[in-house]
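Scroll down for the structure; my scribbles are underneath it.
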Amino acid sequence: MTIASQYQQQNGQLVIQITERFDYSTRDEFRASYTNTDEIPKSYLIDLQHADYMDSSALGMLLLMKEYVGNNNVEIKIKPSTNIHKILDVATFQQMFVIKSPIV
Amino acid sequence: MTSTLKILVVDDDRLNRVVIIRILRESGHDVVEASNGKEAIAIFEQQQPDLIVMDVMMPVMDGYQATRIIKQSNSEQFIPVIFLTALSDEASLVKGIESGGDDFLSKPFNKAILSAKISALMRVKELYEIQKQQRKALEVYQQQQQQEFNIARKVFDKFFQRSCLYVNNIKSLISSVALFNGDILLASPTPTGGLRILLGDFTGHGLGAAIGTMPVADIFYSMTEKGYLIEDVCLEINNKLYQILPTELFCAAVILEVNATFELLSIVNAGLPDVLLYHNGKIQHYVQSQSMPLGILVKGSSLAIKSARFKVNATWRVYLYTDGIIEANNAFNELFGMDRFVNCIEASTDPEQIFDYIKQCLDNFLENNAQSDDISLVEVLCDAQQFNQSLAARNIILSKPPEPLEWEFSLTLQASSLKVINPLPLLNKVIIELQSLGHRTDEVFTILSELYTNALHHGVLKLDSSLRHSVHSYLKYYQERERKLAHLTQGSVFLKIKHIPKTMGGKLIIYVRDSGKGFNRQGVKSFLRDNQNLHGRGLALIENLCTHVSYLEQGSAVQVVYEWS
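Just so you know, the sequences run in chain order U and W. Start counting the first sequence at 8; every next residue gets the next number (our numbering). Start counting the second sequence at 153; every next residue gets the next number (our numbering).
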């Protein structure tokens, strides 16, 4: 299990934590993490601080999530590791997601 | 046992045969019989039974040999053979297995045991048949896929034949199956005599990724031929991909262009790793991705595409690559990485050898962990001579020798036109048709594009340049541009272009006037000194390229003179 998600009652945020690799193999699990929720989250936090690898299909998966969440007022925040921050940066994903600076 | 089987009973002892045959008939099976091995083979060929009950010791040919022959000549099928033996005889059990027997039955014959053994063997046979069918289906499928692959390959090859990757100043490494990895490499001479290259990397693998390469190639070649700028090509590819691809599929790409004199290099990097510009033993510039990969953002949204420009000469080398090379994994699960890559380039003493050296480093690093399918790497040497010689060797003639003519035309765009028309490709095309400027055409396009952009952005739309201070607000600037343009109701841009021939070459006079209030050139000048980076560069560039620049009508009009020979 490399993906764990938890809904936080107090602020209505769905936290999705991904460890190890974030790539095509985690596709179904990742999709399930935000589609199989009982509550409708007010915001999302994707925690990639402990993931060490992300590929371009994972970028595509983030876009699918953005499409699913739909509403532009719902914030999707990403907390990347240093490596992943570079990948997000190259794709200039800060235009579509709120990307926090990695903790070095 | 519910189904009826055809069973061959082989025994030289008639009494034994009768006992077994009776048991089998009582269970509802059809039975055929033989009294020795040789006969068994003949009857087997004739009757094709489902199962054989075989005695061991028989005259003419024993059970072992008969079994071996039947099994060998019917290796495609599973024909269960039950040997009739004495349980105590270990050696004959072993020999029975070796000759292809599947089970044993010892005297006295027990009906229940025989039926159970037959059922068990028939289950095995059934599994064998299913597996055989599946294997067959798989083979057919594989063949079909290979055929389709070959057809696709042929179509794609035809499609990509337009590429001029054969020129001597380009070295490339792109896997033969790269097509289905979603990597794409295109190269084309520009109508003005320069060189344009696109390297793209689609998300995902397989056909899905490959499909997107077709429109990319189509747009790249046709728009390049028509004289569109690389930014326009990028935007068009983005719009097309956005239209046809599902959300999660997109294309990270770099388009670069060197002008006809190979002195000016323009690069748009949309989502690929840093493009490396090498000169004099070192990487001089790392050209970072400045915009989203293509196919993600809808047309007219915040996608801001702007090329980075560099002065180069024949000793500069440009390295384009997809992330495959950086992420190449060796047996110890280490990544090749950016540092190792840059070291390879900078460590070479002979620049001519860099490309081969990178390949060698990569091979050594990966050893047998061959993964090179995912690796695309391109080196472009900014050497006009090599490029032109390669083209000439193939009898490709790009531009007619310039012959100075006299002409003049003007164009006025009102608000409603400004909203929907980008006149630059049109003007480029008209100028190419009217006047071959040879190697200088690019410079004229640069001047025109800067002048028009200034007139539109500052004169008509009144955009605030200071928004372009930082990369972050740069984006805002383009959002603001889109927003204001969409709501434009008033304003106009007037362009007049005149050419006067001289004995050698000619003089091009470009006049651009906008409906705005004008601006203070002195203010911009001092600003330029303070800030070298993001904006206000256009005017400096124009002043550099033209022999005269004058600001008229309080700065709402500008006239430049460009001389060529």
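For every residue, glycine included, the Cβ atom is placed at its ideal position computed from N, Cα and C. Remember, it's a predicted structure, so these values are computed and weren't measured experimentally.
Would I477 (chain W) pass as a contact of I527 (chain W) if the rule is Cβ separation under 8 Å? For the pair I477 (chain W) and I527 (chain W), the CB atoms are nearer than the 8 Å cut-off.
Chain-ordered chain W contacts of M68 (chain U) [CB-CB under 8 Å]: Contact annotation for M68 (chain U) against chain W: E400 [CB-CB distance below 8 Å, chain order].
If you follow the alpha helix (DSSP H) that K277 (chain W) is part of, which residue opens it and which one closes it? Where K277 (chain W) is concerned, the enclosing alpha helix (DSSP H) stretches over 263-312.
Proximity to Q102 (chain U) [Cα-Cα], best of W:A480, W:V450, W:Y471, W:I694: W:V450
Can you tell me where the alpha helix (DSSP H) holding L615 (chain W) begins and where it ends? Segment: none, L615 (chain W) is in no alpha helix (DSSP H) and carries neither H nor E.
Cβ pair count under 8 Å reaching 3, the segment 37-48 of chain U against the segment 9-24 of chain U: yes
Just the Cα atoms here: how many angstroms apart are R701 (chain W) and A544 (chain W)? Reading off the sequence, residue 701 (chain W) comes out as Val, not Arg. So the alpha carbons of these two residues sit roughly 38 Å apart.
Taking the straight line between their C-alpha atoms, what separation do you get for D384 (chain W) and S374 (chain W)? 12 Å
Can you list the residues of chain W that E74 (chain U) reaches, using a CB-CB cut of under 7 Å? Correct list: T399.
L691 (chain W) to S601 (chain W) span [Cα, whole Å]: 11 Å
Tell me, please, which residues DSSP counts as bridged to Q566 (chain W). Beta-bridge partners of Q566 (chain W) (DSSP): W:S644.
Using only the alpha-carbon positions, how far apart do A98 (chain U) and E278 (chain W) sit? 54 Å
Closer than 6 Å by C-beta to R348 (chain W): which residues in its own chain qualify, once you throw out the five before and the five after it? Chain order, please. S340, T342, T376, E409
Beta-carbon proximity check, L236 (chain W) vs V276 (chain W), cutoff 8 Å: Not in contact: L236 (chain W) and V276 (chain W) (Cβ atoms no closer than 8 Å).
Confirm, please, whether the CB-CB distance from G346 (chain W) to L401 (chain W) is below 8 Å. no
Report the residue from W:L627, W:I599, W:Q587, W:E632 whose alpha carbon sits nearest the alpha carbon of H609 (chain W). W:E632
Determine the chain U residues that contact G356 (chain W) at a beta-carbon separation under 9 Å, and present them in chain order. Those are Y31, S63, S64, G67, listed as they occur along chain U.
Please list the residues of the segment 87-102 of chain U that have a C-beta atom closer than 7 Å to any C-beta atom in chain W, keeping them in chain order. V97, A98, T99, Q102
Do you know offhand how far G67 (chain U)'s Cα is from P445 (chain W)'s? 11 Å
Opposing strand residues paired with M61 (chain U) [DSSP bridges]: Looking at the DSSP output, M61 (chain U) sits in a beta bridge with U:F29.
Close beta carbons around S459 (chain W), own chain, < 7 Å, minus the five adjacent residues each side: I382, E383, S418, I419, V420
Would the segment 486-506 of chain W count as touching the segment 284-304 of chain W if we require 3 or more Cβ pairs under 8 Å? no
Nearest-angstrom Cα distance between E242 (chain W) and F196 (chain W)? Each residue's Cα considered, the two are about 28 Å apart.
For F104 (chain U) versus A65 (chain U), is the C-beta spacing smaller than 8 Å? no
Quick one: which residues of the segment 45-56 of chain U get their C-beta closer than 9 Å to a C-beta of chain W? List them in chain order. none
State the DSSP-derived secondary structure class of T237 (chain W), mapped to helix, strand or coil. strand
Who are the near neighbours of M656 (chain W) in its chain, counting only those whose CB is closer than 6 Å to its CB and skipping five residues on each side? S717
Taking H639 (chain W) as the reference, which of W:L660, W:G611, W:K571 has the closest Cα? W:K571
Ignoring anything shorter than 3 residues, give me the beta strand (DSSP E) runs that lie fully in the segment 461-519 of chain W, in order along the chain. As far as the segment 461-519 of chain W is concerned, its whole beta strand (DSSP E) runs of at least 3 residues are 469-473.
Selection of the segment 393-425 of chain W by Cβ proximity to chain U, strictly under 8 Å: T399, E400, L401, F402, A404, G423, L424, P425
Contacts around E705 (chain W), its chain only, beta-carbon distance under 7 Å, and the 5 residues preceding and following it disregarded: R665, G670
For Q200 (chain W), tell me which candidate among W:P232, W:L393, W:A499, W:A362 has the shortest Cα-Cα distance. Minimum Cα distance to Q200 (chain W) is reached at W:P232.
Let me check understanding here. Comparing Cα to Cα, which of U:M61, U:P109, U:K93, U:Q13 lies closest to S441 (chain W)? U:K93
Is the beta carbon of G379 (chain W) closer than 8 Å to that of P575 (chain W)? no
Shorter than 8 Å from the beta carbon of L627 (chain W) to some beta carbon of chain U? yes
Where D163 (chain W) sits in the DSSP three-state scheme: DSSP, reduced to helix, strand and coil, places D163 (chain W) outside both helices and strands of the structure shown, so it counts as coil.
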